[in-house]
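Residue numbers (full-length UniProt numbering): 1 to 938. See structure below.
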């Protein structure tokens, strides 16, 4: 190992990288790393590649990032550190030249329905600030601009009058409910006011408060004012203006916001410093008014979620291609409820309603009438109100349950904010209208935004931040998203690129960015834009380290580190470190062989013929444009297309839940489509295989997941010594008491909590890390204890157990999916996403033909997989199909598309420009489709 490292260091030396210009890792031993030493050049774009499980993440995330984070945390006070996540010190001799580290992983980090694209990228926070500072309020009644009159407005008005005009400053005389006139006058006198002003038919007259108090019951005219001040207009100096301002301030304070000017005894002018118009009082714009996560701004009906539980329009009118006459409204079918439909058909000509027109072609106004009704017929809202009033009858309860679901909030229309916030506009748009625009349209809107000079000054900094983030969203290929798209509906790749946008918004320099496969979920067309974003980041003076398998990314990188040679205990070494040109001619690098074309993934000689299939008709969820799609069974079917073209919507939101519901299983809500037909009955089970971890516990491991450990425990309990000591299979389990070590509960290590330092992991003293009691470890099979078996790799164990058919049959699938290098007892939380997905795949392969015809759905299974692993993955897919199963894959990887039996290509663009079926058939034919980007790259 030592010689290898030295050789690599000379590679770096040849490029004359001085020690100051590199991050130098010495002796890294995290997970499977074999005492690795490597230099990473600073301020460069560095790609770390290698087969799945070769130690890429161990080197980048678990060593480099962990140490960068930990060193930053150590710089804080010990008091602050106890509240942070305790950071483990990675097992490494030292790292020199490390800078502050930021990691961007590909997990969908948020599950809450409150989090949106706007809040994750922080664009929404800047929009709230923009509306809170320069938003103008318009009355919903007259459409007039709502203004609050300040003291200065009144002073300016007085100064502008003609010289010599006599002005009286008045406020209305108000009587308190529990006080009589005499008490009221007394209070005014104590406040220092001496005169009232009464208006009548003959004009105005002054009344002295002291004189009125002498009367037993002072009689006051209807319209009486308190005189605050009197003045004659002249060329006022500063002192005069201060006096007037004080008087006006007093007037506003005394009358709670009203002030009248009587000019020359003729004209009465009213000023109000309340925020109101047309008899309505409005909320003043503040940033919190636009926050749907704050009770002050959130819509009170839906509490800021934008949805409520109510009558679901899609269930009431399931097929919008039918007309009202043809029975589009499901709730008005049948004899009794059909009366409502008949009433509408009879009344339709009175107000020109087209009953023979498909619902999808109705104007917005006509569709609204269907729900609200009018003087001629009862609308759907009235109908469901009637249903609610009759809920004591069982048939009405059934009827209501049939059409209940999550529906757009009737008060905010899905805008999530209270209506007062939506009266506030910037350039004639409220904030809810802005977040409904796709990012590319939003950027155009901001580019054309015209503001007056004052607003321009206030908004200058905010607009810089917003435009910068919008540009980055477009650069990483997410221009089709809207800001109010809920974060938990995004794919892993979209989620990662949104985090990238937020991180880039901070414009740091001299930092270390570590990205885990940022090209996931990106079509080959968009990868070059992402590379440009990463290069911009590098050009700011940052070191960008990318764990990546993408060929384009490697060609553009300044430096490549190839981990290998194979995976797990056969990997963990640096097989190559240098430039792209050097890797092409390197004989040891597996990646280099694939890049130079010496090794390649061969497409199948002939494709399988389509016999059975499932057809989805009229798919219209999200951006799908009413497409009919045929999914063939018993072959490898790939769904491709650029990001945002509708692949996930079609497969995960329509096909998967629709099939699950058909089988009577629990599933999410089925996306909008007209019907599903075909050979659904031949499918006995549907499995969605994703990259989520296979177990949360540190005791979970591959051999327990595929149920092979049960066979091994049975085998050990049958050994002569076990029978003598009365050991049962449970004694060989580390999950239950009995045979496991009592001190560490079968973990093999004891964790000592250190309040603000990293927890210390110590090998358990009782069992020496062997997880079991001494007497259990004395039971041997072929000279090996149960602990020795858990330490074996899958391939070693196959050789070891070759006489035990049952054990071998259970373990072999792990080897078939290319996990022969994994230790049987390796903790699940140390497996990469690609490995976890293949363990799940192995568990299905291990069940054999007994369980009928399964339809497997894979969402981007090549995530985290090297060219070499993709070859094995395709072999596993073919093994599943040979067992009589069907495989549908959502994928961008061109090798997988080439190897498919059937390709469904959506597009041509993402978002509104996508959602059309461009091609369905064998991969060969896709090259001839001009609109298809996939075809071009094939």
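No residue lacks a Cβ here, since even glycine has one placed at the ideal position from N, Cα and C. From a predicted model like this one, the values you see are computed outputs, not experimental measurements.
I need the straight-line Cα distance from residue i to residue j, nearest angstrom please.
i, j, result
"residue 343", "residue 408", "27 Å"
"residue 230", "residue 453", "37 Å"
"residue 422", "residue 296", "14 Å"
"residue 900", "residue 637", "6 Å"
"residue 711", "residue 723", "17 Å"
"residue 932", "residue 627", "16 Å"
"residue 284", "residue 186", "36 Å"
"residue 81", "residue 756", "5 Å"
"residue 223", "residue 199", "6 Å"
"residue 929", "residue 906", "11 Å"
"residue 607", "residue 922", "8 Å"
"residue 458", "residue 125", "16 Å"
"residue 415", "residue 425", "14 Å"
"residue 926", "residue 935", "5 Å"
"residue 4", "residue 575", "Below a pLDDT of 50, predicted positions are generally treated as unreliable, and residue 4, at 40, falls in that range; the measurement from the model is reported next regardless. Computed Cα separation, rounded: 8 Å."
"residue 376", "residue 383", "14 Å"
"residue 732", "residue 613", "47 Å"
"residue 580", "residue 615", "46 Å"
"residue 649", "residue 624", "8 Å"
If you follow the beta strand (DSSP E) that residue i is in, where does it begin and where does it stop?
i, result
"residue 406", "404-408"
"residue 632", "627-632"
"residue 749", "749-752"
"residue 93", "92-96"
"residue 332", "Looking at the DSSP string, residue 332 is not in any beta strand (DSSP E), and its letter there is neither H nor E."
"residue 166", "166-172"
"residue 74", "Note, residue 74: premise wrong, no beta strand (DSSP E); alpha helix (DSSP H) at 66-74."
"residue 271", "267-272"
"residue 146", "Unbroken run through residue 146: none, as it is neither H nor E."
Mind checking which residues open and close the alpha helix (DSSP H) that includes residue i?
i, result
"residue 22", "Looking at the DSSP string, residue 22 is not in any alpha helix (DSSP H); the run it does join, the beta strand (DSSP E), is 22-28."
"residue 432", "431-435"
"residue 447", "439-447"
"residue 532", "524-539"
"residue 77", "Note, residue 77: premise wrong, no alpha helix (DSSP H); not H, not E."
On the CB-based measure, 16 or more other CB atoms within 10 Å of its CB, does residue i come out buried or exposed?
i, result
"residue 219", "exposed"
"residue 844", "buried"
"residue 523", "buried"
"residue 252", "buried"
"residue 736", "exposed"
"residue 496", "buried"
"residue 13", "Since pLDDT at residue 13 reaches only 39, below the 50 mark, its modelled position is unreliable, and no value is offered."
"residue 298", "buried"
"residue 882", "exposed"
"residue 370", "buried"
"residue 216", "exposed"
"residue 498", "buried"
"residue 647", "buried"
"residue 516", "buried"
"residue 573", "buried"
"residue 281", "exposed"
"residue 7", "With a pLDDT of only 38 at residue 7, under 50, the local geometry of the prediction cannot be trusted, and no value is derived from it."
"residue 66", "buried"
So, are the CB atoms of residue i and residue j less than 8 Å apart?
i, j, result
"residue 196", "residue 261", "no"
"residue 856", "residue 886", "yes"
"residue 570", "residue 821", "yes"
"residue 33", "residue 58", "yes"
"residue 823", "residue 791", "yes"
"residue 60", "residue 547", "yes"
"residue 184", "residue 175", "yes"
"residue 38", "residue 577", "yes"
"residue 690", "residue 859", "yes"
Between residue i and chain B, is there a C-beta pair that is closer than 8 Å?
i, result
"residue 552", "Going by chain labels, chain B is absent from the structure shown, which holds only one protein chain."
Ranges of the beta strand (DSSP E) found wholly within the stretch 194-263, counting only runs of at least 3: 195-200, 203-208, 224-232, 258-263
Sequence ranges, alpha helix (DSSP H) only - wholly within the stretch 798-826, length at least 4: 805-816
Runs of 4 residues minimum, wholly inside the stretch 657-745: which ones carry the alpha helix (DSSP H) assignment? 702-705, 708-717, 720-725
Would you mind listing the beta strand (DSSP E) stretches within the stretch 842-897 that are 3+ residues and don't spill past its ends, in chain order? 854-859, 886-890
Please go through the stretch 339-414 and give each complete beta strand (DSSP E) segment of 3 or more residues, from N-terminal end onward. 404-408
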